[in-house]
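Undergrad:
Number of protein chains: 2
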Amino acid sequence: MSHTLGIRQAQKQKTRQALLDAALGLLEEQSLSSLGLREVTRAVGVAPTAFYRHFRSIADLGVALVEEALGSLHPMIRTTVSTADSSEERIARAIELIAGHVDGYPAHVRFIARERHGGVQPVRDAIRDQLARFAEEVKGELAKDPESEGWSDDDLLMLAHLYVDQMLITASLFLEALEGTEADRERVAQVATRQMKLISIGRHHWPA
Amino acid sequence: MSHTLGIRQAQKQKTRQALLDAALGLLEEQSLSSLGLREVTRAVGVAPTAFYRHFRSIADLGVALVEEALGSLHPMIRTTVSTADSSEERIARAIELIAGHVDGYPAHVRFIARERHGGVQPVRDAIRDQLARFAEEVKGELAKDPESEGWSDDDLLMLAHLYVDQMLITASLFLEALEGTEADRERVAQVATRQMKLISIGRHHWPA
DNA sequence: TCATCTAGTTAACAACTGTTCTCTGGATTT
DNA sequence: AAATCCAGAGAACAGTTGTTAACTAGATGA
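If you read the sequences in order, they're chains A and B. Residue numbering for the first sequence follows our numbering, starting at 1 and increasing by one per position. Residue numbering for the second sequence follows our numbering, starting at 1 and increasing by one per position.
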């Protein structure tokens, strides 16, 4: 199935990725709606007009960045939520996952947090869609849990959204703590753990 | 105590407010980091250089907007959280408050949601500080509740942050639903109500 | 009344923006 | 080997940006 790319398409994809990387870097200190096309091409070392060979506009590049940041995350979510150990362990594992992801891809996380409510509508829409997919997947995993007996689909989705939003808040807090001390990060982890725990307790006593 | 302003200072404040209003309007379709000083003065009908009589920079104006958007909200939060009726009623009242505020000041709400993780650090800091104050105040009100017996300060603050974040998420959802039908808004209200309820149940069964 | 103060104006600056059109040289296809 | 394709370069465009300096006219205070 895998077709070895010609040296032409390979070079094109390389440039495209360089544009994405440069944009992501520049977006650490501004938002997408103020990012200039020339700014990005300058950072890559390529002519401004070359940009149009890859993206129609900056908004278009932003949508591609959403795919890059969230697209590959779906399997990870699935497996993390579905590990059927104790609730405590599941929470600890989820928070570890978030902390690790923030550590490994801080710029991606910042981009999502920033542009989720940012000034570029197509990007906001793309993020909303991806998060809705996450919620649907979490709901699917929750449904398998015996504790979800008697729960309506609506209630399961409401809980799934609560979890997803909570994950995003936690990721954002880890991001802020990245420039802090190890103790700061530990504090974030502990608060997030207790919040998740409280939600799980609410779930357990929910009048299904 | 109130000192009648001279006609000079009065006119100055009027222009300053016009700048803030114009900026808020322009920010409905972009983020602060892309807002131009000339863009704002043009919208007001004033020379670009007049801007400097009121703000050092756009970031400075942004911080003033944070104060305008959140500063006057503290008393409302206090009284809403502290009404000592049943938990159900308290939740309904809180969500009504949020829906009403989003209806009355959509641009302010959008601004806060957008710039909380936006590209302008001083503004992010100002928002974070105000939200931390909210959390502290909510914590203070929660502490008065007999149900909080045995709770540590840390746990109370963790719960307060959970409530504050949940309020922001709800406000943002109401904002999206503003352009939708009445049924959309009703659905947001119902989901938010159940989420708050679940958190309250978790609180009730928390191992203090 | 007269001197001072100051919110807002005007003009000019170098630097930057997105977009268009034309061109080129190396990869691809025939 | 020849014809085609196409990612990227180069130059030019009108329009925009933040910031400076010197100004004016009306309010303020002595």
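We put the CB at the ideal spot given by N, CA and C, even for glycine.
1. Based on Cα-Cα distance, which residue from B:Glu141, B:Phe111, B:Lys144 and B:Met158 lies nearest to glutamate 29 (chain B)?
2. Where serine 200 (chain A) and tryptophan 206 (chain B) are concerned, what is the direct C-alpha to C-alpha distance, given to the nearest angstrom?
3. Tell me the residue span of the alpha helix (DSSP H) that contains proline 122 (chain B).
4. Out of A:Lys144, A:Arg133, A:Ala59 and A:Gly104, point me to the one whose CA is closest to leucine 178 (chain A)'s CA.
5. Taking valine 212 (chain B) as the reference, which of A:Leu157, A:Ile169 and A:Leu198 has the closest Cα?
6. With the cut-off set at 7 Å, would you say alanine 220 (chain A) and valine 102 (chain A) are in Cβ contact?
7. I'd like to know whether the C-beta of valine 109 (chain A) is nearer than 7 Å to at least one C-beta of chain B.
8. So, helix, strand or coil for histidine 108 (chain B), using DSSP?
9. In its own chain, which residues sit with a C-beta less than 8 Å from the C-beta of leucine 24 (chain A), not counting the 5 before and 5 after it?
10. What does the alpha-carbon distance come out to for the pair glutamate 182 (chain A) and leucine 27 (chain A)?
11. Which whole-angstrom value describes the C-beta separation of valine 120 (chain B) and serine 33 (chain B), a residue pair presumed to lie in contact below a C-beta threshold of 8 Å?
12. Considering only residues of the same chain and omitting the five flanking positions on each side of proline 122 (chain A), which have a CB-CB separation below 8 Å?
13. Can at least three beta-carbon pairs, one atom from the region 126-141 of chain B and one from the region 67-81 of chain B, be found at a separation below 8 Å?
14. From glutamine 166 (chain A) to arginine 203 (chain B), what distance separates their C-alpha atoms?
15. Can you tell me where the alpha helix (DSSP H) holding tyrosine 163 (chain B) begins and where it ends?
16. Could you list which residues in chain A have their beta carbon closer than 7 Å to that of aspartate 165 (chain B), in chain order?
17. Use the C-beta contact count for glycine 100 (chain B): other C-beta atoms within 10 angstroms, 16 or more gives buried, fewer gives exposed.
18. Strictly below 8 Å CB to CB, what residues from chain B border arginine 194 (chain A)?
19. Label threonine 41 (chain A) either buried or exposed according to how many other C-beta atoms from any shown protein chain fall within 10 Å of its C-beta, with 16 as the threshold for buried.
20. Which whole-angstrom value describes the C-beta separation of leucine 20 (chain B) and alanine 113 (chain B), a residue pair presumed to lie in contact below a C-beta threshold of 8 Å?
21. Exposed or buried, arginine 116 (chain B), counting other C-beta atoms within 10 Å across all chains shown (16 or more means buried)?
22. Helix, strand or coil, according to DSSP, for proline 207 (chain A) in the structure here?
23. Does alanine 94 (chain A) pass the burial test, meaning 16 or more other C-beta atoms within 10 Å, or should it be called exposed?
24. At 3 residues or longer, what runs of the beta strand (DSSP E) sit wholly inside the region 48-91 of chain A?
25. Let's test the definition: count the other Cβ atoms within 10 Å of the Cβ of glutamate 141 (chain A) and tell me whether it reaches 16, buried, or not, exposed.
26. For the region 29-56 of chain B, which residues have a CB atom closer than 7 Å to at least one CB atom of chain A, in sequence order?
27. Starting from the C-beta of alanine 69 (chain B), find all residues in its chain whose C-beta is less than 7 Å away, skip the five residues before and the five after it, and write them out in chain order.
28. Please tell me whether serine 31 (chain A) and serine 31 (chain B) are closer than 7 Å, where the distance is taken between their beta carbons.
29. Whose C-beta lies closer than 6 Å to the C-beta of leucine 173 (chain A) among residues of the same chain, with five residues either side of it excluded?
30. What residues in its chain sit with their C-beta under 6 Å from that of phenylalanine 55 (chain B), if we drop five residues either side in the sequence?
TA: Checking against the coordinates, here is how it stands:
1. B:Phe111
2. 10 Å
3. 121-144
4. A:Gly104
5. Since the displayed chain B opens at 1 and closes at 208, residue 212 (chain B) lies outside it and no answer follows.
6. With chain A covering only 1 through 208, there is no way to say anything about residue 220 (chain A).
7. no
8. helix
9. Leu65, Ala107, His108 and Phe111
10. 25 Å
11. 5 Å
12. Ala59, Asp60, Gly62 and Val63
13. yes
14. 16 Å
15. 153-177
16. Ile169
17. exposed
18. Asp155 and Met158
19. buried
20. Actually they do not touch by this definition, with Cβ atoms about 18 Å apart.
21. buried
22. coil
23. buried
24. none
25. buried
26. Glu29, Gln30, Ser31, Ser33 and Ser34
27. His108, Phe111 and Ile112
28. yes
29. Val188
30. Leu61
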